[in-house]
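Okay, so here's the structure we're looking at.
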Amino acid sequence: MLNRLVKWARIKSPWILHMNCGSCNGCDIEILAALIPRLDAERFGVLLKGSPRQADVMICTGPVTKQMTERLRRVYDQMPDPKFVVVVGQCGCSGGIYTGAYGVEGGVDKIIPVDAYIPGCPPRPEAIADGLIKLLAKIEKGGSP
Amino acid sequence: MPRVRLPIGPQHPALKEPENFMITLDGEQVVDVDIRIGYTHRGIEKLMESRTYIQNLYLVERICGICSYAHVVNFSQNVEEVLGLTIPPRASYLRTLVLELERLHSHFLWLGVAGHEIGFDTLFMYTWEDREVVQDLLEDISGNRVNYAYNTIGGVRRDLGEEQKKRVLDGMDYLEKRATFYKEVAVNEKTILSRAEGVGILKPEVGKRLAAVGPTIRASGVAVDIRKEDPYASYGDVSFDVITTDSCDVLGRVVVRVLEIFECIKIIRQLMEKLPAGDLVVKAPRKVPEGEAMSHTEAPRGEDFHYLHANGTDKPDRYKVRTPTMANLPAVVEMLKGTFLADVPIIVAAIDPCMGCMDRVLLLKDEEKPGERISWDQLRVYANTWYANRGWLG
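Chains as they are written, first to last, in the numbering used here: chain A, 1 to 145; chain B, 1001 to 1394.
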């Protein structure tokens, strides 16, 4: 009973933390564009939070730079369980156009486990909202990591 | 009271991008600021040396996702200068059009972010909703919302039809109405006035000494605008004003940007009226002969400077980028001194920082044996001769 209530609450209000790991800002503004009235991701209970301690879902953008590697790991560890990671943008998925640059580790999944990938450079706000909904569906089916 | 050192960032609720501000506080007052940059440094300049010019078009675009087109125009202008190409007038007009649309979207975006930083989220929702109009136009013209991939070396890749022209003009009518509303809001709304007036003072002489650029220095009454001083693309054919205010504070920066929106609309209307017919692109060879070029544009945030050294192959030998945020950061330190801690986010946001494009690292490999050192005076002489050799100094 309690488990079901917790799961229901989790699906109805996924609070997100935006983590920039060296992105060009293209994905970051598209994430914000998904929150504005045109798409209104807030109707799914999505709320942008500043602190990792309050967040359920971490949205990562950008190829992980050498400087951010350790910090990304630390922020991930600070999030309470259960936690989910969504990667927005091609360069976060695989390194993308920055593959081979000396400052880039390449791909968020090399550092922390990832639950959903939203490719695109940058993905449209619709795609980002769709990716979030798919993540929620995955959690509902019991895909809790 | 003992002084406190307070780190802000790299991950922090008030900052959208990972940067570290080490703030020394005396009570509530900021005494000193130490900025540590480099968290988003990817190494694009070096990466460019291993890619061809055509591939680099797309890499340069991704230096920054907000003022991406200013970077691509700079890069194309550099390569075209070394190749000795002149692009067709229609292509030049279309480049100017997209540059101005980009400025529009960037200023609307900034207005929203500034609203968000002072806790005025309603303004954020309003301006971002209007920004979507510009985004739709950009998508209509180029096919993409953010990184447009509109340029190629020697011209542009897509034409503008009559229908699209009409949609652009309709969009401008709507945006002009909205911008008039924001002008009212910016100078009358108490929420903005009480947070922005007299905050983050940058005196013109300090700004000039620290080489601040763009709306940041224009809000201190210094009329610097590359579009006017060294017209590139088709800015020589259109008339517009350089907006300045004398208030030197955050409110001044809000007002400058809102008034620049009107200038953008004015420019776009003139461009649509005068748009010449003709080709879109001239053929450019794959290999670029030996030579160097420098190009600067007025990005939404200020002067964006690019330098290219070509060596005769299909890849650049050296490429150098200096973005407006890099130029404005020293001024931020001056603005922050003496203000209150609560005003730090809005003062930092007031220069419209784009850390993604300015981050760099410096590695000192051998501190025992420093490389060749050059004094400030020597550098001045070197720069002046370099410019004089190209016939750019009178």
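Glycine included, each C-beta is placed from N, C-alpha and C at the ideal position.
Quick caveat: nothing in here was measured; it's all calculated off a predicted structure.
Taking 8 Å as the cut-off, the beta carbon of residue 1075 (chain B) is found closer than this to the beta carbon of residue 1057 (chain B).
Relative to the Cα of residue 1359 (chain B), the nearest Cα in the group A:93, A:21, A:97, A:11 belongs to A:21. Excluding five sequence positions before and after residue 1009 (chain B), the CB atoms of its chain that fall closer than 7 Å to its own CB belong to 1015, 1018, 1019, 1020, 1021, given in chain order. In this structure, residue 131 (chain A) keeps its C-beta atom at 8 Å or more from the C-beta atom of residue 64 (chain A). Taking 8 Å as the threshold, the shortest C-beta distance from residue 26 (chain A) to chain B falls below it. With the rule of 3 Cβ pairs closer than 8 Å, the segment 1025-1040 of chain B counts as touching the segment 1326-1339 of chain B.
Across the segment 30-52 of chain A, CB contacts with chain B closer than 9 Å involve 30, 32, 33, 35, 36, 37, 38, 49, 50, 51, 52, in sequence order along the chain. Around residue 1050 (chain B), the beta-carbon contacts reaching into chain A at under 8 Å are 100.
When DSSP states are grouped into helix, strand and coil, residue 1011 (chain B) belongs to the coil group. About 7 Å separates the beta carbons of residue 1201 (chain B) and residue 1335 (chain B), which is inside the 8 Å limit, making them a contact pair. Around the C-beta of residue 1279 (chain B), fewer than 16 other C-beta atoms lie within 10 Å, and the residue is accordingly described as exposed. Between residue 22 (chain A) and chain B, the shortest Cβ-Cβ separation is below 8 Å. Contacts between residue 1117 (chain B) and chain A, judged by CB atoms closer than 9 Å, are missing: the closest CB pair is about 12 Å apart.
Residue 1011 (chain B) and residue 19 (chain A) have their alpha carbons spaced roughly 8 Å apart. Annotated three-state conformation of residue 1089 (chain B) is helix, per DSSP. For the segment 116-136 of chain A, the set of residues with a beta-carbon nearer than 8 Å to any beta-carbon of chain B comprises 121, 122, 124, in chain order. At least one C-beta of chain B is nearer than 8 Å to the C-beta of residue 63 (chain A).
Per DSSP, residue 20 (chain A) is one residue of the beta strand (DSSP E) stretching across 15-20. Judged by beta-carbon spacing, residue 53 (chain A) lies beyond the 8 Å limit of residue 82 (chain A), meaning their Cβ atoms are not closer than that value.
In the three-state scheme derived from DSSP, where H, G and I count as helix and E and B as strand, residue 1017 (chain B) is classed as coil. For residue 49 (chain A), the enclosing beta strand (DSSP E) has its first and last residue at 47-49. Apart from sequence neighbours up to five positions away, the residues of its chain that approach residue 47 (chain A) with a beta-carbon distance below 6 Å are 15, ordered along the chain. For the set B:1312, B:1225, B:1152, B:1346, the Cα lying nearest the Cα of residue 1072 (chain B) is the one of B:1152. Under the 10 Å beta carbon count, residue 1147 (chain B) is surrounded by 16 or more other beta carbons and is classified as buried.
In its chain, beyond the 5 residues on either side, 1140, 1141 have a beta carbon closer than 8 Å to the beta carbon of residue 1164 (chain B). With respect to the C-alpha of residue 100 (chain A), the residue from A:31, A:66, A:27 having the closest C-alpha is A:66. Between the alpha carbons of residue 90 (chain A) and residue 1114 (chain B) lies a distance of about 29 Å.
Residue 1346 (chain B) and residue 1206 (chain B) do not touch by the CB rule: their CB atoms are close to 19 Å apart, not below 8 Å. Excluding residues up to 5 positions away in sequence, 1328, 1331 lie with their Cβ nearer than 6 Å to the Cβ of residue 1212 (chain B) in the same chain.
With a threshold of 8 Å between beta carbons, residue 104 (chain A) makes contact with chain B.
In this structure, residue 1261 (chain B) lies near residue 1179 (chain B), with their beta-carbon atoms less than 8 Å apart.
For residue 84 (chain A), the enclosing beta strand (DSSP E) begins and ends at 84-88. Its chain contains 1017, 1040, 1063, 1064, 1065 as the residues whose beta carbon lies nearer than 8 Å to that of residue 1356 (chain B), once the 5 sequence neighbours on both sides are disregarded; these appear in chain order. Residue 1103 (chain B) sits in a helix when the DSSP states are folded into three classes. Residue 1222 (chain B) is not a Cβ neighbour of residue 1245 (chain B), given a cutoff of 8 Å. A Cβ-Cβ separation of about 6 Å places residue 1320 (chain B) in contact with residue 1045 (chain B) under the 8 Å criterion.
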